[in-house]
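Residue numbers (our numbering), protein chains in the order written: chain P, 23 to 507; chain F, 23 to 507.
There are 2 protein chains.
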Amino acid sequence: MFHDFKLANDRPVYIQLKDYLKRLIIKGSLQPGQKLPSTRELGLLLSVSRNTIISAYAELESDGFIYAVHGKGSYVAATAAPPASAAPPCEIDWPARINDYARQAVELDRMKRGIRAGRNAISFTSIAPDEKLFDLDHVKRAFLDRMAIEGNVLLNYGYAKGYKPLIDYLMNYMEHKGVDLNGKDMLITSGFTEAFDIVLSALRRKEGGSVICENPTHYTAIKNLKLSGFDITGIPMERDGIDLIELERALTERTYDCAYLIPSYHNPTGIVTSPEKRSAAMRLMARHGIPVIEDGFNEELRYSGAHVSPLIATAGRGNGVVYLGSFSKVLFPGLRVGWVLADRRLIDNLESIKRSRSIHTSTLDQSVLYQYLLNGNLEKYLKKARSEYKRKYEWTKRCCETYLPYRKLSGDGGLHLFVEFDKPFDTTELLDACSSQGVIFTPGDMFYTDGGGRHTMRLGFSRVKEEDIEKGLQIIGRTARQLMG
Amino acid sequence: MFHDFKLANDRPVYIQLKDYLKRLIIKGSLQPGQKLPSTRELGLLLSVSRNTIISAYAELESDGFIYAVHGKGSYVAATAAPPASAAPPCEIDWPARINDYARQAVELDRMKRGIRAGRNAISFTSIAPDEKLFDLDHVKRAFLDRMAIEGNVLLNYGYAKGYKPLIDYLMNYMEHKGVDLNGKDMLITSGFTEAFDIVLSALRRKEGGSVICENPTHYTAIKNLKLSGFDITGIPMERDGIDLIELERALTERTYDCAYLIPSYHNPTGIVTSPEKRSAAMRLMARHGIPVIEDGFNEELRYSGAHVSPLIATAGRGNGVVYLGSFSKVLFPGLRVGWVLADRRLIDNLESIKRSRSIHTSTLDQSVLYQYLLNGNLEKYLKKARSEYKRKYEWTKRCCETYLPYRKLSGDGGLHLFVEFDKPFDTTELLDACSSQGVIFTPGDMFYTDGGGRHTMRLGFSRVKEEDIEKGLQIIGRTARQLMG
């Protein structure tokens with residue numbers, strides 16, 4: 023007994039000893055009523071100080087695993103785990119207990135069955151930011167500043183609606199994008215995905231639910247729309263945004279419960295919808311009374327040209343736009359913070375749904391983000407990130423133009439480009455052929471609402487080194503030409 | 023023009039100036055094509071350094087709001103917000119667009135219409151921890167330690183399943199509570215509430231869904247079960263846990279899709295179910311094939327007696343228990359971290375649902391919690407918290423016994439006590455009468471699954487000072503006697 027005690031890591035020794043003894047008690051190696059060695063004896067046996075043993079025994083007593091008898095020593099308590107034989111184990115056939123929603127969530131979970139590549143592969147699959155750009159010192163500073171001001175408050179319960187200073191900051195931030203805040207309010211969420219999920223769950227639907235959106239579009243949106251039972255109508259994209267003629271035709275043919283649009287650096291095509299198309303699309307939505315869920319994705323990653331207002335600014339006094347914002351791709355995806363800016367009455371409902379889903383978003387995340395913004399770090403970070411990403415963006419574009427036999431190349435900024443080859447061409451076959459050469463990307467069909475897009479692919483460049491961008495695109499280009507015969 | 027520029031706060035001056043000018047452009051006070059004053063002129067006009075103006079102009083140019091003409095100066099860009107008159111504002115009648123689920127979420131949102139009290143009121147409504155106990159220095163240390171090790175990783179995307187080091191730690195932690203980990207796996211969630219919501223959403227149901235639970239029980243559970251459409255059957259509580267005879271009768275009468283149980287420091291009664299009842303209840307569940315959702319709430323807040331194993335340990339090799347854990351009440355509610363420990367196949371489905379709901383739980387929260395645990399802080403904190411709460415618990419109990427005309431008083435530890443008066447008695451009336459005297463508590467009826475409990479109340483004492491506990495209970499006692507006539 024006690025001979026297999028080994029210090030495993032750098033946690034305090036008395037805690038490791040406590041855990042070790044607890045395990046002996048739980049496994050039944052130490053039986054209820056059994057006397058433990060004296061602290062002196064055990065100290066000698068394990069070659070640790072007697073004080074360590076005393077601390078471990080005190081912890082075990084405090085946890086209810088042993089009890090002390092004055093002047094006699096410590097004894098194992100009758101802990102409440104009955105012998106396993108006491109109850110026949112309850113066996114549940116879980117696969118049979120899981121419903122269609124859960125099964126569909128797995129089926130649509132592309133991330134889980136994601137494209138895997140070897141350690142040294144050149145991967146164009148990610149559109150997450152390059153973590154080498156992260157200004158960790160500013161984040162640390164923001165955390166320590168905020169903790170010094172109200173650490174106790176941050177660690178206790180917050181509000182479902184969000185951390186008030188952050189809401190005030192972001193309301194102001196949105197006003198500076200030209201949004202008329204009258205009658206509007208804000209809910210903080212755990213990123214875009216939770217915001218989208220909560221908004222969808224609150225909408226009244228006719229005939230099961232129908233949505234109109236760009237085709238192709240953001241895969242997570244497609245997934246969550248499907249999981250929520252929406253019927254999806256996708257409208258083709260043109261060089262400067264959604265095809266207005268097709269949009270109008272679709273809106274005339276039937277009614278929709280809502281629209282979902284990504285006006286800036288559209289995922290996956292990278293297109294920035296022109297100001298004129300924004301206005302025109304909003305006029306159509308107004309005429310047909312369709313609320314628009316606007317995905318503010320990557321709006322900050324503008325590399326050139328004039329500022330373009332979000333749809334919610336274009337809508338002026340109107341309350342038809344539900345804006346979903348996030349700094350995930352621009353700043354730190356690890357901070358799970360997003361926001362919904364919309365009609366005050368809608369937000370009031372969403373707040374209660376949010377509370378029922380997850381009480382509130384991490385106050386630590388919210389307050390660190392707030393202090394980081396307040397300290398003026400976003401401006402500095404954006405300056406660095408824009409210049410870095412702009413260089414990579416231009417380089418990737420140039421390499422695509424040089425090496426790929428594409429039919430169409432799009433992407434006005436952001437962290438990715440979108441490539442269309444001449445039909446028929448299958449980018450899944452291309453991926454197979456490239457991945458064996460150590461290069462992977464995202465075939466575009468997953469972004470299509472109608473089963474199309476087999477001839478397309480998305481290239482995320484934010485986390486690829488410049489020399490690898492060239493090397494990877496050379497391989498993709500050469501392989502594509504071979505497949506085209 | 024420019025005369026209303028005022029420095030409003032301690033953000034960098036050039037950022038405040040940039041925001042000020044942006045607003046003039048958005049509001050149309052500065053028109054597209056208009057020339058801005060030279061940096062020298064504006065510096066003199068606003069009495070700020072020329073460098074500040076240069077920085078602000080550079081930011082505005084980078085954001086696309088102005089453009090520079092070499093040798094001539096800076097001009098307002100044609101930003102894309104069309105005049106409000108261009109599009110008729112889209113007006114959505116939101117109250118008519120909101121569905122029943124959203125409406126019910128508001129109706130059941132007790133927190134939103136919570137009992138409010140004046141600044142100096144004595145409030146027994148909270149069962150959140152006392153933030154004065156928080157060991158902020160350890161939290162800061164944990165954050166800085168973790169940031170130093172892998173700050174870049176923490177701020178980028180994590181995994182839906184959770185932060186691996188934390189999962190490993192908690193699996194070990196649960197094993198030390200006697201859980202057989204074979205065939206089991208873990209999902210990290212944003213606290214108990216998200217865990218519960220996700221589990222409910224995955225369960226196959228017969229006839230719309232039915233659940234069996236203790237009566238009374240945790241209000242958030244009642245709310246989320248109702249929002250998910252479950253029919254709730256509540257089984258009365260006895261001094262040592264659920265009434266086994268009633269439980270067996272109910273299980274024989276009809277079938278249930280799942281059970282929801284809070285075996286330790288039950289909310290609201292504070293009862294710790296005895297080891298014998300745990301085994302007996304688990305035998306009944308096994309016989310009827312009912313999966314049990316175990317709420318591990320406050321298990322750590324044991325003040326005396328032997329350690330009691332959670333149901334999932336009692337179940338041994340069986341896979342019938344879905345354990346939901348959280349340190350929210352024990353440590354920091356602000357860190358939104360909970361966990362589901364259950365059959366591996368169920369967790370696999372829950373992981374995909376989690377990804378579709380919120381991608382993943384805040385990595386900052388998870389990693390700070392992990393490092394805090396790893397540094398051995400939980401043990402130290404629990405020692406302090408237990409001794410503090412134990413004193414308050416005993417004091418509150420003594421005051422209840424001294425001042426309240428109760429019929430039954432329960433609470434074996436934790437952060438609250440539960441009081442039953444003789445029927446008929448209405449604690450909502452009592453609350454009305456007490457709140458005008460500056461004392462509030464939670465009437466117990468909200469915790470009942472069957473509309474009962476009007477004669478009960480919950481007293482949370484964790485955040486009430488000792489002299490206020492006595493003063494408050496004197497007032498409640500006196501007022502109750504008056505109402506009883």
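Yeah, the Cβ is synthetic: ideal placement off N, Cα and C, and Gly gets one too.
In this text the structure is predicted, and so the values were computed from the model without any measurement.
inquiry  = Please identify, using Cβ separations under 8 Å, the residues of the stretch 459-490 of chain P that lie next to chain F, in order along the chain.
reply    = none
query = ALA170 of chain P to ARG163 of chain P, Cα distance in whole Å?
reply = 10 Å
Straight-line Cα distance separating GLY435 of chain P from ARG324 of chain P = 6 Å
ask   = Just reading off the beta strand (DSSP E) that THR478 of chain F is part of, what are its end residues?
value = 478-482
inquiry  = Here's a check: name, in chain order, each residue in its chain whose Cβ is nearer than 7 Å to the Cβ of THR336 of chain F, leaving out the five neighbours to either side.
reply    = A distance below 7 Å between beta-carbons, with the five flanking residues on each side excluded, links THR336 of chain F to the following residues of its chain, in chain order: ARG300, SER301, MET304.
Cutoff 8 Å; reference ASN371 of chain F; Cβ partners in own chain excluding five residues on either side = ALA224
request  = Return the first residue and the last residue of the beta strand (DSSP E) that CYS421 of chain P is part of.
outcome  = Per DSSP, CYS421 of chain P belongs to no beta strand (DSSP E); it is in the alpha helix (DSSP H), 399-425.
query = Helix, strand or coil for ALA308 of chain P per DSSP?
reply = helix
query = How would you label ALA118 of chain P, buried or exposed, when you count the other beta carbons within 10 angstroms and need 16 or more for buried?
reply = exposed
ask   = Is the Cβ-Cβ distance between GLU268 of chain P and ILE284 of chain P less than 9 Å?
value = No.
request  = List the residues of chain P that ILE375 of chain F touches, going by C-beta distances under 7 Å, in chain order.
outcome  = Within chain P, ALA124, ALA127 have C-beta atoms less than 7 Å from the C-beta of ILE375 of chain F, given in sequence order.
query = Along the chain, where does the beta strand (DSSP E) that runs through PHE440 of chain P open and close?
reply = 438-442
key: Per DSSP, cross-strand counterpart(s) of TRP361 of chain F   = F:ILE210, F:GLY347
task = Specify, as a first and last residue, the run of the alpha helix (DSSP H) that THR22 of chain F falls within.
result = Since the first residue shown for chain F is 23 and the last is 507, residue 22 of chain F is missing from the structure and cannot be characterised.
query = Should LEU29 of chain P be flagged as near chain F, meaning a C-beta pair shorter than 9 Å?
reply = no
ask   = Would you call LEU82 of chain F buried or exposed, if buried means 16 or more other Cβ atoms sit within 10 Å of its Cβ?
value = buried
message = Using a 10 Å radius around the Cβ and a threshold of 16 neighbouring Cβ atoms, would you call LYS28 of chain F buried or exposed?
response = exposed
request  = Would you check whether the ligand SAH has a heavy atom nearer than 8 Å to the C-beta of PRO187 of chain P?
outcome  = You won't find the ligand SAH in this model; it holds no ligand whatsoever.
query = Going by other Cβ atoms of all chains shown within 10 Å of its Cβ, with 16 needed for buried, is MET506 of chain F buried or exposed?
reply = exposed
ask   = Are the CB atoms of PHE483 of chain P and TYR415 of chain P nearer to each other than 9 Å?
value = Yes, they are a contact pair.
ask   = Do you know how far the Cα of ARG72 of chain P is from the Cα of THR61 of chain P?
value = One C-alpha to the other measures close to 6 Å.
request  = In angstroms with no decimal places, state the Cα-to-Cα distance between ASN142 of chain F and ILE234 of chain F.
outcome  = Near 40 Å, if we compare the C-alpha coordinates of ILE234 of chain F and ASN142 of chain F.
task = State the start and end residues of the unbroken beta strand (DSSP E) segment that holds ASP131 of chain P.
result = Element bounds for ASP131 of chain P: n/a, residue is neither H nor E.
request  = Output the distance between the C-alpha atoms of ASP41 of chain P and VAL35 of chain P, rounded to the nearest integer angstrom.
outcome  = 10 Å
request  = Tell me whether the beta-carbon of GLU442 of chain P lies closer than 9 Å to the beta-carbon of LEU177 of chain F.
outcome  = no
query = Is there a Cβ from chain B that is less than 9 Å from the Cβ of ASP253 of chain P?
reply = No chain B is present in this structure, whose protein chains are P and F.
query = Is the Cβ of HIS92 of chain P closer than 9 Å to any Cβ of chain F?
reply = no
key: VAL486 of chain P and PHE146 of chain P closer than 9 Å at C-beta   = yes
ask   = If we ignore side chains and look at the alpha-carbon of each, how far apart do ARG500 of chain F and LYS57 of chain P end up?
value = Spanning the two alpha carbons is a distance of roughly 51 Å.
query = Which residues, in order along the stretch 152-179 of chain P, keep a beta-carbon less than 8 Å from a beta-carbon of chain F?
reply = GLU153, LYS154, PHE156, LEU158, VAL161, LYS162, PHE165, LEU166, MET169, GLY173, ASN174, VAL175, LEU176, LEU177, ASN178, TYR179
request  = Please list the residues of the stretch 69-91 of chain P that have a C-beta atom closer than 7 Å to any C-beta atom in chain F, keeping them in chain order.
outcome  = GLU81, SER84, ASP85, GLY86, PHE87
Status (buried if at least 16 other CB within 10 Å, exposed otherwise) for SER107 of chain P = Because the pLDDT at SER107 of chain P is just 49, under 50, the model does not fix this residue reliably, and the point stays unresolved.
is_contact[LYS57 of chain P, chain F] using C-beta, thresh 9 Å = no
message = So the candidates are F:ALA127, F:ASP490, F:ASP219, F:GLU451; which of them puts its Cα closest to the Cα of ILE375 of chain F?
response = Ranked by how close their Cα comes to the Cα of ILE375 of chain F, the residues F:ALA127, F:ASP490, F:ASP219, F:GLU451 have F:ASP219 in first place.
task = Kindly say whether ALA150 of chain F, judged by its beta-carbon, lies nearer than 9 Å to any beta-carbon of chain P.
result = yes
query = To the nearest angstrom, how far is it from the Cα of ILE47 of chain P to the Cα of ALA99 of chain P?
reply = Using only the alpha carbons, I get a separation of about 9 Å.
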